[in-house]
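A.B. asks:
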Amino acid sequence: GQNIDQPTEMTATEGAIVQINCTYQTSGFNGLFWYQQHAGEAPTFLSYNVLDGLEEKGRFSSFLSRSKGYSYLLLKELQMKDSASYLCAVLSNDYKLSFGAGTTVTVRA
Amino acid sequence: NAGVTQTPKFRILKIGQSMTLQCAQDMNHNYMYWYRQDPGMGLKLIYYSVGAGITDKGEVPNGYNVSRSTTEDFPLRLELAAPSQTSVYFCASSYEVQETQYFGPGTRLLVL
Numbered sequence: 003g004q005n006i007d008q009p010t011e012m013t014a015t016e017g018a019i020v021q022i023n024c025t026y027q028t029s030g031f032n033g034l035f036w037y038q039q040h041a042g043e044a045p046t047f048l049s050y051n052v053l054d055g056l057e058e059k060g061r062f063s064s065f066l067s068r069s070k071g072y073s074y075l076l077l078k079e080l081q082m083k084d085s086a087s088y089l090c091a092v093l094s095n096d097y098k099l100s101f102g103a104g105t106t107v108t109v110r111a
Numbered sequence: 109n110a111g112v113t114q115t116p117k118f119r120i121l122k123i124g125q126s127m128t129l130q131c132a133q134d135m136n137h138n139y140m141y142w143y144r145q146d147p148g149m150g151l152k153l154i155y156y157s158v159g160a161g162i163t164d165k166g167e168v169p170n171g172y173n174v175s176r177s178t179t180e181d182f183p184l185r186l187e188l189a190a191p192s193q194t195s196v197y198f199c200a201s202s203y204e205v206q207e208t209q210y211f212g213p214g215t216r217l218l219v220l
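Line order of the protein sequences matches chains A and B. Sequential numbering of the first sequence, starting at 3, is according to the working numbering. Sequential numbering of the second sequence, starting at 109, is according to the working numbering.
Structure follows, in structure tokens:
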């Protein structure tokens, strides 16, 4: 089975930087996804890491260390619209996607 | 493209009733998935399909059935609704298994 841990909640100020950590234990690894989910809406894709290192995409970056079973999502220059839940999801050897419970980020003015 | 569509958006069922949640995608994706999301919990995979005519169980399949007669459609069937099936149901699709999954808007189901 899969065990994926991420913090429940984080709060930050507009314009600041927030780092959301995700640790995982899986039976095999075929990639890690980050999704954003606004309240009452569907998840939308943010990033995908399959190799170690940092992937940068505008204000959002995602990092992966496979040996440590660790990833983080970095949100820079926070905006009010970034208030949402951020879901870490791991693709295992049987190609099924397992999700963490999500981290609710609240951006304050 | 409409992407992934789901109907209905919201439904109230009585215990023991049955219903079908509809899901369709117009992106010619091979893979389709059904998840449920409970408050404070991650999405749990119910069933998935790797192509027309092929389906398999996910993490929480009990109480549900699926079929995939066409590439576009992947309905989820609840035969005997139970309060434990109160949840938000998301359908998703992807072209390949290691590619991004695109989610539908969800169906909110309340079983009383």
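Yeah, the Cβ is synthetic: ideal placement off N, Cα and C, and Gly gets one too.
Compute the beta-carbon to beta-carbon distance between A:G33 and A:Y50, rounded to the nearest angstrom, for a pair I have assumed lies under 8 Å.
C.D. replies: Start at 1 with the first residue of the first sequence, and residue 33 of chain A comes out as number 31. Start at 1 with the first residue of the first sequence, and residue 50 of chain A comes out as number 48. With a beta-carbon spacing of about 6 Å, A:G33 and A:Y50 fall inside the 8 Å limit used to define contacts.
A.B. asks: Check the Cβ of B:G212 against every Cβ in chain A and list those closer than 8 Å, keeping chain order.
C.D. replies: Along the second sequence, one-based indexing puts residue 212 of chain B at 104. Going along chain A in sequence order, the residues near B:G212 (Cβ under 8 Å) are A44.
A.B. asks: Taking the Cβ atom as the reference point for each residue, do A:G71 and A:Q39 lie within a distance shorter than 9 Å?
C.D. replies: Translated into the one-based positions of the first sequence, residue 71 of chain A becomes position 69. Translated into the one-based positions of the first sequence, residue 39 of chain A becomes position 37. No. Outside cutoff.
A.B. asks: Report yes if the C-beta distance between B:Y172 and B:L186 is below 9 Å; otherwise report no.
C.D. replies: What you label residue 172 of chain B is simply residue 64 of the second sequence in a count that begins at 1. What you label residue 186 of chain B is simply residue 78 of the second sequence in a count that begins at 1. Result yes, Cβ atoms of B:Y172 and B:L186 sit closer than 9 Å.
A.B. asks: If I measure Cβ to Cβ from A:S87 and keep anything under 7 Å in the same chain, skipping five residues before and after, which residues do I get?
C.D. replies: For the purposes of this step, residue 87 of chain A is taken as the residue at position 85 of the first sequence. Contacts found: Q39, G104, T105, T106.
A.B. asks: With 16 other CB atoms within 10 Å as the buried threshold, where does B:L218 fall?
C.D. replies: Stepping through the second sequence from its first residue, residue 218 of chain B is reached at position 110. The residue in question, B:L218, is exposed, as its Cβ has fewer than 16 Cβ neighbours within 10 Å.
A.B. asks: Shortest alpha-carbon distance to B:P147 belongs to which of A:T10, A:A14, A:L56, A:F65?
C.D. replies: For the purposes of this step, residue 147 of chain B is identified with residue 39 of the second sequence, where counting begins at 1. Across the set A:T10, A:A14, A:L56, A:F65, the C-alpha of A:T10 shows the shortest separation from the C-alpha of B:P147.
A.B. asks: Rounded to whole angstroms, what is the Cα-Cα separation between B:R176 and B:T194?
C.D. replies: Sequence index remark: in the second sequence, residue 176 of chain B carries index 68 (1-based). Sequence index remark: in the second sequence, residue 194 of chain B carries index 86 (1-based). C-alpha separation (whole angstroms): 24 Å.
A.B. asks: Using the rule of at least 16 other Cβ atoms within 10 Å of the residue's Cβ for burial, across every protein chain shown, is B:S157 buried or exposed?
C.D. replies: Taking the second sequence and counting its residues from 1, one reaches residue 157 of chain B at position 49. Buried is the call here.
A.B. asks: By how many angstroms is the C-alpha of B:S201 removed from the C-alpha of B:Y141?
C.D. replies: Taking the second sequence and counting its residues from 1, one reaches residue 141 of chain B at position 33. Taking the second sequence and counting its residues from 1, one reaches residue 201 of chain B at position 93. Roughly 6 Å between the two C-alpha positions.
A.B. asks: By the criterion of Cβ-Cβ separation under 7 Å, what are the contact partners of B:F198 in chain A?
C.D. replies: The sequence position of residue 198 of chain B within the second sequence is 90, counting from 1. Near B:F198 (Cβ distances below 7 Å), the residues of chain A are A44.
A.B. asks: Ordered along the chain, which non-local residues of its own chain (more than five positions away) have a Cβ less than 7 Å from that of A:Y37?
C.D. replies: Position 35 of the first sequence, counted from the start, is the residue given in the question as residue 37 of chain A. P45, T46, F47, L48, L89, A91.
A.B. asks: Measuring straight from C-alpha to C-alpha, what distance separates B:G111 and A:A41?
C.D. replies: Here residue 111 of chain B refers to the residue found at position 3 when the second sequence is read from its first residue. Here residue 41 of chain A refers to the residue found at position 39 when the first sequence is read from its first residue. Between B:G111 and A:A41, the C-alpha separation is close to 20 Å.
A.B. asks: Taking the alpha carbon of B:Q130 as the reference point, which residue from B:E180, B:T163, B:E207 has its own alpha carbon closest?
C.D. replies: Start at 1 with the first residue of the second sequence, and residue 130 of chain B comes out as number 22. Per the Cα distances, B:E180.
A.B. asks: Taking 9 Å as the CB-CB limit, is A:N32 close to chain B?
C.D. replies: As a first step, residue 32 of chain A must be located in the first sequence, where it is residue number 30. Yes, contact with chain B.
A.B. asks: Would you call the stretch 110–124 of chain B and the stretch 15–23 of chain A touching, i.e. three or more CB-CB distances under 8 Å?
C.D. replies: no
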